[in-house]
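Participant: Here you go, one structure.
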Amino acid sequence: AGHAVVRNTFICVVDESSASDDDEASPRCRASTDGLALLAGRRDEATVELAPLEVYSAAVAEHHVAPEASEAAADEVEEAVVRQLLTDMRAGGALADAAVDQVCDLAGTLSFDILGCQVVLSAMELATPAQVRRLLGGLVALPQMARSSRASVALVQALQVAPRDAAPVIAAGLLGEGAAVSAHISGCTVVCALIEQWSAEPSVAAFTDEVLALDIGGLVCHKFGHRVALAILQFGLNRHVAMVTAKLRTNLPRYSRHRFASLVLREALAHAPTADARGLGVELMRAPGAATSLACHSFGTQVVRALLKLPGIGEQVLQFLVKGQRRVRKDRYGMMLLTELGIEDGEHVQIAAFTGGA
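Each residue of the sequence shown is one higher than the last, beginning at 1250 in this note's numbering.
Next up, the structure:
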């Protein structure tokens, strides 16, 4: 007899007589470069020291807050009260001031509700800096709020209107939850907004250190975590940018072809300090045929576009593309890139036209 199991999104029928304890204890690795060999204790078989999706997914599951808890908290405030607050704020004057004061006390609960979240957002537009500080000070369970599809919107808005001295409140409330929040579809937007607005604040810098401490390789390869890496490259401190670029250089062939990590690499080539960006470009081009190989890859082609904009590297990449255009033209993505660049038969003419030479 057999039973149905789900493996890698496929439904499989497994013969119970063929199953063994060894198979359950030692699951087959999807790819050693995904860090599974490290997790299984086979360090010598892993070519990249990272523990991407498994670690981050486990972190999210471990700290996940049941939807019922959020909904129960929101239900503590009657809908009639919420609607009245919204009406008073729209009325303006003393009624609006009183309503904003009341929302400051209830923001932590209202933010989890659809209508309540609208009330909190409206209150932030009318609130004074002192009221915003009071609102932020009354927020509790910030990690749960960050992972809520509704409350996270309120947190992002709060970061945009909060005075500078209020930023540590949110950063301190998220400390200890950096990995879980960064790997969440809603939480990553809060982390990105925090880094975008207040990356230089000591508390935010400490939180960013925590996010990068677990595994940068896992972060850049994660569906949501890579957005945090992008925010760090665009708005983060130089030392945080250097940490991300240093990790990318450990295995550029893999990261340049990864669905999410390639986006991070492209951003690093565009926003990292000139020396770091050039170092990434030189390292990428060191492998024979790297330019043409990346140009024929669905994700690598984006990296090639970024390389073409690097001074001193772009000309070299363009020459490789022209020389290898026979191969590149056979690929769907490569052909799109050549068309975009206007490369046709006539190598020297096209190189001169693109680089501005005679």
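For every residue, glycine included, the Cβ atom is placed at its ideal position computed from N, Cα and C. Quick caveat, the model's predicted, so the values are computed rather than measured.
Leaving out the 5 sequence neighbours to the left and right, which residues in its chain are closer than 7 Å to I1481 when beta-carbon positions are compared?
Facilitator: The residues are I1444, T1457, H1489, V1490, V1493.
Participant: Are there 16 or more other CB atoms within 10 angstroms of the CB of R1413, so buried, or fewer, so exposed?
Facilitator: The residue is exposed, with fewer than 16 neighbouring Cβ atoms inside 10 Å.
Participant: Return the CA-CA distance between L1423 and G1485, expressed in angstroms with no decimal places.
Facilitator: C-alpha separation (whole angstroms): 17 Å.
Participant: In whole angstroms, what is the alpha-carbon distance linking K1572 and M1534?
Facilitator: K1572 and M1534: Cα-Cα distance of roughly 15 Å.
Participant: Can you tell me which of S1398, A1555, A1462 puts its alpha carbon nearest to the alpha carbon of A1428?
Facilitator: Cα-wise, what sits closest to A1428 is A1462.
Participant: CA-CA distance, L1299 and R1498?
Facilitator: Low local confidence applies: a pLDDT of 44 at L1299 is under 50, so the model's placement there is unreliable, and no value is given.
Participant: Assuming L1388 and A1348 form a contact by the criterion Cβ under 8 Å, report the distance between their Cβ atoms to the nearest whole angstrom.
Facilitator: About 18 Å separates the two Cβ atoms, so there is no contact after all.
Participant: Go ahead and pull the three-state DSSP assignment for I1444.
Facilitator: Correct three-state label for I1444: helix.
Participant: Pick helix, strand or coil for Q1551, following the three-state DSSP scheme.
Facilitator: Correct three-state label for Q1551: helix.
Participant: Express the C-alpha separation of E1589 and E1374 in angstroms, rounding to a whole number.
Facilitator: Each residue's Cα considered, the two are about 44 Å apart.
Participant: Please go through the same chain and pick out, in chain order, the residues whose beta-carbon is closer than 7 Å to the beta-carbon of R1476, but skip the five residues on each side of it.
Facilitator: Same-chain partners within the cutoff: C1437, C1441.
Participant: By a C-beta neighbour count over all protein chains shown, 10 Å radius and 16 as the cutoff for buried, is K1496 buried or exposed?
Facilitator: It is buried - the Cβ of K1496 has at least 16 other Cβ atoms within 10 Å.
Participant: Would you mind reading off the limits of the alpha helix (DSSP H) that contains P1417?
Facilitator: Where P1417 is concerned, the enclosing alpha helix (DSSP H) stretches over 1416 to 1423.
Participant: If you follow the alpha helix (DSSP H) that K1558 is in, where does it begin and where does it stop?
Facilitator: Per DSSP, K1558 belongs to no alpha helix (DSSP H) and is neither H nor E.
Participant: In chain order, what residues of the same chain have a beta carbon less than 8 Å from the beta carbon of H1621, not counting five sequence neighbours either side?
Facilitator: In the structure as shown, the chain begins at 1250 and stops at 1607. Residue 1621 is therefore absent and cannot be evaluated.
Participant: Report, in whole angstroms, the separation of the C-beta atoms of V1331 and L1359, which I expect to be a contact under 8 Å.
Facilitator: At roughly 7 Å, the Cβ-Cβ gap stays under 8 Å, so V1331 and L1359 are in contact.
Participant: Can you grab the Cα-Cα spacing for the pair P1451 / I1260, in whole Å?
Facilitator: Each residue's alpha carbon lies about 49 Å from the other.
Participant: In chain order, what residues of the same chain lie with their CB nearer than 7 Å to the CB of I1592, ignoring the 5 residues before and after it?
Facilitator: The answer, listed in chain order, is L1570, V1571, Q1574, Q1599.
Participant: Please name the residue in P1392, Q1406, F1361, S1398 whose C-alpha comes closest to that of A1372.
Facilitator: Among P1392, Q1406, F1361, S1398, the Cα nearest to that of A1372 is on Q1406.
Participant: Is it true that the CB of V1439 sits closer than 8 Å to the CB of V1453?
Facilitator: Contact flag unset, no.
Participant: Does the Cβ of P1522 have 16 or more other Cβ atoms within 10 Å, making it buried, or fewer, making it exposed?
Facilitator: That one is exposed.
Participant: What number of angstroms, rounded off, separates the C-alpha of A1416 from the C-alpha of W1447?
Facilitator: Roughly 7 Å between the two C-alpha positions.
Participant: What are the boundary residues of the alpha helix (DSSP H) that includes G1467?
Facilitator: It spans 1465 to 1470 - the alpha helix (DSSP H) in which G1467 sits, taken as one unbroken run.
Participant: So for E1294, helix, strand or coil by DSSP?
Facilitator: Low confidence applies here, because E1294 scores a pLDDT of 39, under 50, leaving its location unreliable and the question unanswered by this model.
Participant: Please check the pair V1418 and G1386, which I expect to be a contact at CB under 8 Å, by giving their CB distance rounded to whole angstroms.
Facilitator: Going by Cβ atoms, the distance from V1418 to G1386 rounds to 6 Å, so yes, they are a contact pair.
Participant: Taking the beta carbon of I1562 as the centre, do at least 16 other beta carbons fall within 10 Å, making it buried, or is it exposed?
Facilitator: Its Cβ being crowded by 16 or more others within 10 Å, I1562 is buried.
Participant: Applying the criterion that 16 or more other CB atoms from any shown protein chain within 10 Å of the CB defines a buried residue, is M1338 buried or exposed?
Facilitator: So M1338 counts as buried.
Participant: With a threshold of 16 other CB atoms inside 10 Å of the CB of G1606, please say whether the residue is buried or exposed.
Facilitator: With a pLDDT of 41 at G1606, under the threshold of 50, the predicted position of this residue should be treated as unreliable, though the coordinate-derived value follows. Classification of G1606: exposed, given that the 10 Å Cβ count is below 16.
Participant: In the DSSP assignment, find the unbroken alpha helix (DSSP H) run with H1520 in it and report its ends.
Facilitator: That run of the alpha helix (DSSP H) goes 1510 to 1520.
Participant: Return helix, strand or coil for S1371, following the three-state DSSP convention.
Facilitator: In this structure, S1371 counts as helix in the three-state DSSP scheme.
Participant: To the nearest whole angstrom, what separates the beta carbons of T1550 and L1587, a pair I think is in contact under 8 Å?
Facilitator: Their Cβ separation, rounded to whole angstroms, is 10 Å, which puts T1550 and L1587 out of contact at 8 Å.
Participant: Quick one, which of V1368, A1340, D1354 has its alpha-carbon nearest E1328's?
Facilitator: Among V1368, A1340, D1354, the Cα nearest to that of E1328 is on V1368.
Participant: To the nearest angstrom, how far is the alpha carbon of V1513 from that of Y1504?
Facilitator: The straight-line gap from Cα to Cα measures roughly 9 Å.
Participant: Just to confirm before moving on: does the CB-CB distance between R1527 and L1559 stay below 8 Å?
Facilitator: Cβ distance < 8 Å, so R1527 and L1559 count as in contact.
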